[in-house]
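See structure below.
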Amino acid sequence: MKNKLIILLSIIVLPLASQQRFAVEQLVERLVENNYSNKIYARRTVQAENNVNISPMMPSLSATARQSSNGLSETNTIGLGATLNWRLFDGLAMFSTYDKTRAQLEVANLNQLANLESLVQQVINHYYLIVSLNSRAKVARELIALSQRRYEEALLRLDIESFSRLDVTLAKSDLNSDSTYLIRQLESLNLAYISLNQLLNFEYRMNGYVNDTIIVDKTFGKNELEELILAQNTQILLSKKGIDIADLNLRLNQAAQYPTLDFSAGYNYNAVNTRPATNYSTSNGANFGFTVGMNLFNGLTTRRNIANSKIDKDISNISLLNTENSVLTSFNSIYTSYQNNVRLIDFESENAEAMKFNLETAFLKYTQGSMSGIDLRNIQQQYLNAEDRKINALYLAKVSEISLRALAGVILRY
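In structure tokens, the structure reads:
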């Protein structure tokens, strides 16, 4: 039984211990380099950057060339021309259009940042989930070792008839239960690695590269965090940028109320050659002029567009208030969880230490025959529960810390 158990756990555990270890900061760097979603958002940002140009303010220049022949009169005609058009005034719409493309670039940058922050948060949460699962697996191995010794002790005492067959059966059943618990923990561990590998674009079978320590930053101040959130939370910044774009859309629609002024210039060259008589003629000339345009009536479309743009701006302002309220509500909830779990870390660590001492003492009593296997098992379960609460408090405190960093817009400085 012991040999089979050792072989089984070796198959599961040895691959985990053979990999290079990475700090969480190193994995964040790998994420930025490898993640497909981040690459997609980076390309979209480049597209938005390409759209920022001064083309609405620049003239357009076109050229034409034509050639025609008449077989009956043997006439050959050639024409060349160039035309320049330049809108000099359009109610400042060209400047609003340019400002809008710049605002859209900032939105693209913020969307890329929001996506990256979300990915980094997922990677760090997965990282520390794996750390916590490793800790649970470590506790499970300790319990298996203890249950194995208890089972061997029961077998020994059965041989000298100081134990009943029931004691051996219970010891074996508890050993099997502990082994099952460990296998379940290792299964969860492997699944967590698979999810992390997907985020990092690692080969899906990679594992064992996470360190085994959780250190919680216990210095976060609520007022300082709230100021950071209002100043640089990505969702709030996106909502503010939405107000800017709504204002630019309003200015674009208002520009339609003003007249337009266009400048145009051209040059044309024409040549006609007729045979058999030698008759060759040419003409050329330049022209230029200004055109003033005014939209006098379009079914009140401009008026309706302006009214809707003002409503869109109001919606954007309300959306900002809603976003701030939602973010601050999440912040207060997460900060409360952070504070509670930080307090619990010390309590649960002390409890786990006390239960470990109790377990060692209980096993000594068990080997001396002054404690039953059932009582020893109860203390084992108490130790397991104490360790589980300690690990859970550490993990939840770290997850809360990471969530607070994400809300405050500082998670990329991790």
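Numbering (mature numbering (1 follows the signal peptide of the UniProt record, and there is no 0)), first residue to last: -23 to -1, 1 to 391.
We put the CB at the ideal spot given by N, CA and C, even for glycine.
The model shown is predicted, which means the values in this text are computed figures rather than measured ones.
Is DSSP giving THR54 helix, strand or coil here? strand
Name the two residues that bound the continuous alpha helix (DSSP H) containing SER296. 278 to 344
Assigned secondary structure, SER73 (DSSP; H/G/I helix, E/B strand, else coil): helix
Element boundaries [alpha helix (DSSP H), containing ASN247]: ASN247 -> not in any alpha helix (DSSP H); beta strand (DSSP E) instead, spanning 237 to 251.
C-alpha distance - TYR104 paired with ASN167, whole-angstrom precision: 12 Å
Euclidean distance between Cα positions of residue 394 and GLN212: Given that the chain is displayed from residue -23 to residue 391, the structure contains no residue 394 and the question cannot be resolved.
On a Cα-Cα basis, can you pick out the residue from ASN355, SER326, GLU330 and ASN328 that is closest to ALA339? ASN355
Can you list, in chain order, the residues of its chain with a C-beta nearer than 6 Å to that of GLU325? Leave out the 5 residues immediately preceding and following it. ARG366, LYS367 and ALA370
Between the Cα of TYR343 and those of SER32, LYS287, TYR158 and TYR128, spot the shortest distance and give me the residue it belongs to. TYR128
Do the CB positions of ARG68 and ALA232 come within less than 7 Å of each other? A small fix is needed here, since residue 68 is Gly in this sequence, not Arg. Their beta carbons are under 7 Å apart, which means GLY68 touches ALA232 by this criterion.
Considering only their Cβ atoms, is the gap separating SER165 from LEU227 smaller than 7 Å? no
Quick one: Cα of THR190 to Cα of TYR18, how far? 32 Å
From ASN294 to ASN245, what distance separates their C-alpha atoms? 54 Å
For VAL5, is the classification buried or exposed, using 16 other Cβ atoms within 10 angstroms of its Cβ as the cut-off for buried? buried
Three-state class that DSSP yields for ALA385 in the structure shown: coil
Run the CB neighbour count on LYS77, radius 10 Å, all protein chains shown included, and call it buried at 16 or more, exposed below. buried
DSSP state of ARG43, grouped into three classes? strand
Please check the pair LEU176 and LEU8, which I expect to be a contact at CB under 8 Å, by giving their CB distance rounded to whole angstroms. 6 Å
Tell me which residues share the same chain as ALA114 and place their Cβ nearer than 7 Å to its Cβ, disregarding the 5 neighbours each side in the sequence. LEU159, GLN162, LEU163 and LEU166
Tell me whether TYR360 sits in a helix, a strand or coil according to DSSP, three-state version. helix
Using the rule of at least 16 other Cβ atoms within 10 Å of the residue's Cβ for burial, across every protein chain shown, is LEU143 buried or exposed? exposed
Suppose the cutoff is 8 Å on Cβ atoms and the five residues either side in sequence are ignored; what does the same chain contact list for SER14 look like? ASN92 and LEU96
Roughly how many angstroms separate the alpha carbons of ALA329 and GLU180, rounded to a whole number? 37 Å
TYR372 burial status per 10 Å Cβ neighbour count (16 or more: buried): buried
Going along the chain, which unbroken runs of the alpha helix (DSSP H) with 4 or more residues stay wholly within the segment 55 to 132? none
So which of LEU120, TYR75, THR74 and GLN81 has the shortest CA-CA distance to THR157? LEU120
Could you tell me the distance, in whole angstroms, from the CA atom of VAL376 to the CA atom of TYR75? 42 Å
Buried or exposed: residue 462, going by 16 or more other Cβ atoms within 10 Å of its Cβ? Nothing can be reported for residue 462, as the shown portion of the chain is limited to -23 through 391.
Consult DSSP for ASN(-21) and reduce its assignment to one of helix, strand or coil. Its pLDDT being 47, under 50, ASN(-21) is placed unreliably by the model, and nothing is read from it.
Does the count of Cβ pairs from the segment 196 to 215 and the segment 298 to 312 closer than 8 Å reach three? yes
Ordered along the chain, which non-local residues of its own chain (more than five positions away) have a Cβ less than 6 Å from that of ASN174? TYR181 and MET183
Specify, as a first and last residue, the run of the alpha helix (DSSP H) that LEU273 falls within. Taken as a continuous stretch (DSSP letters only), LEU273 belongs to no alpha helix (DSSP H), as it is neither H nor E.
Can you give me the start and stop residues for the alpha helix (DSSP H) that GLU204 sits inside? 199 to 209
Given VAL269 as reference, the closest of THR237, THR279, SER314 and ALA131 once Cα atoms are compared: THR237
Does the distance from the CB of ALA169 to the CB of ILE107 come in under 7 Å? yes
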